[in-house]
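Worksheet for the structure shown next.
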Amino acid sequence: MKRLILILLLWVAPAYAVQPDEVLDDPVLEQRARDLSAELRCLVCRNESIDESNADLARDLRLLVRERLVAGDSDEEAMAFIVDRYGEYVLLRPQISGANLMLWLAGPFMLLAAAGMGWAFVRNRSRAQAVEADDTLSDEEKERLRKILDG
Amino acid sequence: MITELGHFALILAFMIAIVQSVVPLIGAAKRWTGWMVFAEPAAISQFLLTAFSFGALVWAFTTSDFSLRIVVENSHSAKPMIYKISGTWGNHEGSMLLWVLIVTLFGAMAALFGGGLPPTLKARVLAVQSAVAVAFFAFILFTSNPFDRLAVAPFDGRDLNPLLQDPGLAFHPPFLYLGYVGLSMSFSFAVAALIEGRVDAAWGRWVRPWTLAAWVFLTIGIALGSWWAYYELGWGGFWFWDPVENASFMPWLLAAALLHSAIVVEKREALKSWTILLAIIAFGFSLIGTFIVRSGLLTSVHAFATDPERGVFILMILVFFTGGALTLFAARAQTMEAKGVFGVVSRESALVVNNVLLAVSCFVVFVGTMWPMVAEMMFDRTLSVGPPFFNFAFTPFMVLLGLVLPIGALLPWKRGKLGKTAWSLRYAFLLALVVALLVWAMQTGRSALGPVGLFLGVWITCGAIIDLWSRTGRKGSLRRLFRLPGADWGKAIAHTGLGVTIFAIAGLTAWEVEDIRVAQPGAPFEVGQFTLTLEDVRRVQGPNYFSTMADISVETNGRSLGMLHPEKRDYPVARMPTTEAAIDYRIWRDLYVVIGDQQADGGWVVRTYIKPFANWIWAGCILMALGGVFSLCDRRFRVAAGARKTPASGVPAE
Chain A
125 MKRLILILLL WVAPAYAVQP DEVLDDPVLE QRARDLSAEL RCLVCRNESI DESNADLARD
185 LRLLVRERLV AGDSDEEAMA FIVDRYGEYV LLRPQISGAN LMLWLAGPFM LLAAAGMGWA
245 FVRNRSRAQA VEADDTLSDE EKERLRKILD G
Chain B
33 MITELGHFAL ILAFMIAIVQ SVVPLIGAAK RWTGWMVFAE PAAISQFLLT AFSFGALVWA
93 FTTSDFSLRI VVENSHSAKP MIYKISGTWG NHEGSMLLWV LIVTLFGAMA ALFGGGLPPT
153 LKARVLAVQS AVAVAFFAFI LFTSNPFDRL AVAPFDGRDL NPLLQDPGLA FHPPFLYLGY
213 VGLSMSFSFA VAALIEGRVD AAWGRWVRPW TLAAWVFLTI GIALGSWWAY YELGWGGFWF
273 WDPVENASFM PWLLAAALLH SAIVVEKREA LKSWTILLAI IAFGFSLIGT FIVRSGLLTS
333 VHAFATDPER GVFILMILVF FTGGALTLFA ARAQTMEAKG VFGVVSRESA LVVNNVLLAV
393 SCFVVFVGTM WPMVAEMMFD RTLSVGPPFF NFAFTPFMVL LGLVLPIGAL LPWKRGKLGK
453 TAWSLRYAFL LALVVALLVW AMQTGRSALG PVGLFLGVWI TCGAIIDLWS RTGRKGSLRR
513 LFRLPGADWG KAIAHTGLGV TIFAIAGLTA WEVEDIRVAQ PGAPFEVGQF TLTLEDVRRV
573 QGPNYFSTMA DISVETNGRS LGMLHPEKRD YPVARMPTTE AAIDYRIWRD LYVVIGDQQA
633 DGGWVVRTYI KPFANWIWAG CILMALGGVF SLCDRRFRVA AGARKTPASG VPAE
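Note that the protein sequences, when read in sequence, are chains A and B. Heads up, the first sequence is in this note's numbering, so the first residue is 125 and it goes up one at a time. Heads up, the second sequence is in this note's numbering, so the first residue is 33 and it goes up one at a time.
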């Protein structure tokens, strides 16, 4: 329970996330910074982007993002700079490379496979002859019927 | 004393559960009526004992019995009564007891209302259900006993996590558990049918109400949780793709798939083995959810009682039940051949598409949730999978589903004509298109999400209305409309609900307005069409917290909308701050105001959000749940329950 409180303590009160003094004057730049922030993980929190987090580290990272953007970095350059420093753990959208291809392709691949199976099933059903309704009696039932009829 | 009785009752229930999971199975195999019928009183007394045990725990919480460990850890004498009660399930041990209580409740319900079931099937269902209960009784008694006493009782408790002291969250877990555990009933039916070796239309009809009930509860539970997140967490997010949220969302998706595929079994005797498989997997995902929440394997904001030993126990339960059921499935699946024949374009095919999309989208969520763990163990990469991934990978499936839904819902059984059905939906399509284009033209340069969501929302909603109207016959008449069966109404209402929710999520994400600033007391500021003034900030004392409360007056076009009172609370016992947003709820938009810290110059940080259509998200969820309830009330389920009373001996055992 203590740990839970600690966890929630780290996580709670995101109302203090982006502070007014962090906001850039240029609205276009600020919007880019917000969009990038939503893609970056707060390293000391649990599954929170730095845009939502109130942790000091998240604030540092938000300021860093803005610093890079003000310095003239493109979105990609700013992201690359941060990933270089903090590792890919910081990315909430995993890179599409290496083993991560499995993650990204799992959905489309599964959809193809499932659609294929579904199609095969539907084809099979549309070609099948109507199976006779299973209203014939089993041996056991015939035996019972015979007993009843014979009295 | 009552505590000891509760503990004792729990152990007794455990013993009964063990017997109940064996005797009826033998009875069903040997055709011994006495052994089969044993399941019914056993299921009911098992439930009564567990209920007594749970009542004893509630009693301990309401009377603040601080000799119990979990009461000390999760309660406080100054806490309001409702949160003393909800504190019972606001912790690991108590919530497990609630979980097993619901398992036995469903068992007892099946014993009481399963009058029309063939005796062997009923005995087997109750035995399997009881086996699930055995596992969780053992889990509670051996690893997380709620009735643990302390040698020295402290004077007062440590209080419940203040975030959980909230009406929305007080009832969130019970609903969620009713849903999770409700799926155990579908599971029991599936396993019993596999043992029985027989799945027919009647089976589909029996299993569907249970699945539907579970799905309704899950819908309400998830909606309550997301509503709570919306107003409590302080920036109006409603869904975070957190592992624990995903853990409740995956069973929801599968339950939705299951209740659609069970229709095909019921009406057309096809998709049988798939339905069985789905029932097994759906409950499997409920267990995975429990495992995720309680093992601490995945980092989540909600993770509670993270203890590897308990995690291993739940993993064993998971492996035993899903593994066992899947083995049984592999051995028996081929005995269930499909009977119904249908064309490529037909309602059956549309429901296959529904199942493909729901199952694959669930798979995507599953892979995304587990990937950080897999990547770390297998590829030595520590990485995160967060909302950007899920939004990107999951949304297309919902868009596809939304596009297909109205057409599929209108297609006739057996064989249909795509052109004819599409033609009958022409007005819905045109209206949706016009609305979407209008919005797209008005909002130049913003996200495409709004128009797309809007299109889907209108398309699905109008499609559902046309569907309902078409059921009244060629001419259509209001009188016939109100005499349509509950299932037709349920279908239309639930589909409308889905449309409304999709529409609202798209609208909210696309058109939200956010404003962050330092507000000086007395100086008005503008956000969108609103003028806000920070009038005052006061210190207020609550029953078990201190609060910093702001008075913010709101005006729009010279008209006053009254005062909003956002708060920052501090709970001294739990030593934890919370934010209480002030929300002006309106039909078209919410005005959402949060107060932050005081600045050096005397101003306060104020966050203001205008959230269009926010309420519609939950209105849609309520409609979906309501649709489920309508469908549950359909006469067919009650009439059919007694319709097929075949003698037990007529069913071959093998």
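Even for Gly, the Cβ is constructed at its ideal location relative to N, Cα and C. Remember, predicted model here, so these are calculated numbers, not experimental data.
Through-space distance from residue j to residue i, alpha-carbon basis
| i | j | result |
| --- | --- | --- |
| residue 180 of chain B | residue 39 of chain B | 9 Å |
| residue 447 of chain B | residue 385 of chain B | 15 Å |
| residue 398 of chain B | residue 488 of chain B | 25 Å |
| residue 252 of chain A | residue 318 of chain B | 36 Å |
| residue 183 of chain B | residue 103 of chain B | 14 Å |
| residue 167 of chain B | residue 347 of chain B | 11 Å |
| residue 567 of chain B | residue 636 of chain B | 11 Å |
| residue 646 of chain B | residue 309 of chain B | 37 Å |
| residue 307 of chain B | residue 287 of chain B | 11 Å |
| residue 351 of chain B | residue 419 of chain B | 29 Å |
| residue 160 of chain B | residue 220 of chain B | 5 Å |
| residue 85 of chain B | residue 559 of chain B | 54 Å |
| residue 586 of chain B | residue 554 of chain B | 12 Å |
| residue 439 of chain B | residue 382 of chain B | 8 Å |
| residue 459 of chain B | residue 530 of chain B | 19 Å |
| residue 267 of chain B | residue 137 of chain B | 38 Å |
Min CB distance residue i to chain A below 8 Å
| i | result |
| --- | --- |
| residue 121 of chain B | no |
| residue 333 of chain B | Reliability of the predicted coordinates at residue 333 of chain B is poor, the pLDDT of 48 falling under 50, and the value obtained from them is presented with this limitation in mind. Interface residue, yes. |
| residue 60 of chain B | no |
| residue 493 of chain B | no |
| residue 453 of chain B | no |
| residue 274 of chain B | yes |
| residue 549 of chain B | yes |
| residue 381 of chain B | yes |
| residue 370 of chain B | yes |
| residue 414 of chain B | yes |
| residue 206 of chain B | no |
Exposure label - residue i; buried when at least 16 CB within 10 Å
| i | result |
| --- | --- |
| residue 208 of chain A | exposed |
| residue 150 of chain A | exposed |
| residue 147 of chain B | exposed |
| residue 283 of chain B | buried |
| residue 337 of chain B | In this prediction, residue 337 of chain B scores a pLDDT of 48, lower than 50, which makes its location untrustworthy; the coordinate-derived value is nonetheless stated afterwards. By the neighbour-count rule (16 or more Cβ atoms within 10 Å), residue 337 of chain B is buried. |
| residue 561 of chain B | exposed |
| residue 335 of chain B | Note on residue 335 of chain B: pLDDT 47, under 50, position unreliable in the model; the coordinate value appears next. That one is buried. |
| residue 107 of chain B | buried |
| residue 277 of chain B | buried |
| residue 368 of chain B | buried |
| residue 617 of chain B | exposed |
| residue 257 of chain A | Residue placement at residue 257 of chain A is flagged as unreliable, the pLDDT there being 47, under the threshold of 50; a coordinate-derived value is accordingly withheld. |
| residue 387 of chain B | buried |
| residue 141 of chain A | buried |
| residue 132 of chain B | buried |
| residue 572 of chain B | exposed |
| residue 195 of chain A | exposed |
| residue 333 of chain B | Because the pLDDT of residue 333 of chain B is 48, which lies under 50, any placement of that residue in the model is unreliable, and the number read from its coordinates should be weighed accordingly. By the 10 Å Cβ count, residue 333 of chain B comes out buried. |
| residue 240 of chain A | exposed |
| residue 404 of chain B | buried |
Below-8 Å beta-carbon distance, residue i vs any chain B residue
| i | result |
| --- | --- |
| residue 173 of chain A | yes |
| residue 163 of chain A | yes |
| residue 143 of chain A | yes |
| residue 250 of chain A | yes |
| residue 147 of chain A | yes |
| residue 187 of chain A | no |
| residue 210 of chain A | no |
| residue 182 of chain A | no |
Q. Residue ranges of each alpha helix (DSSP H) run of no fewer than 4 residues wholly in the stretch 459-515 of chain B, ordered along the chain?
A. Listed in chain order, the complete alpha helix (DSSP H) runs (minimum 4 residues) inside the stretch 459-515 of chain B are 481-502, 510-514.
Q.
With three or more C-beta pairs closer than 8 Å as the rule, is the stretch 206-218 of chain B touching the stretch 258-272 of chain B?
A. Touching, no, given that fewer than three Cβ pairs across the two stretches are closer than 8 Å.
**Q.** Contiguous alpha helix (DSSP H) assignments of at least 4 residues, all confined to the stretch 280-351 of chain B
**A.** Look at the stretch 280-351 of chain B and you find these whole runs of alpha helix (DSSP H), each 4 residues long or longer: 304-327, 340-350.
Q: Return the chain-ordered ranges of every beta strand (DSSP E) run that is complete within the stretch 54-82 of chain B and spans a minimum of 3 residues.
A: Qualifying beta strand (DSSP E) stretches: none in this window.
Q: Only counting runs of 3 or more residues, tell me where the beta strand (DSSP E) segments fall wholly within the stretch 614-657 of chain B, in order along the chain.
A: Residue ranges of uninterrupted beta strand (DSSP E) with 3 or more members, entirely inside the stretch 614-657 of chain B and ordered along the chain, are 614-617, 621-630, 636-644.
Q. Does the count of Cβ pairs from the stretch 596-604 of chain B and the stretch 573-587 of chain B closer than 8 Å reach three?
A. Enough Cβ pairs lie closer than 8 Å, so yes.
**Q.** 4 or more residues per run - each alpha helix (DSSP H) lying fully within the stretch 85-135 of chain B
**A.** Whole alpha helix (DSSP H) segments, 4+ residues: 101-106, 113-118.
Q. Does the stretch 606-615 of chain B come within contact of the stretch 193-204 of chain B, defined as at least 3 CB pairs closer than 8 Å?
A. Short answer: they touch.
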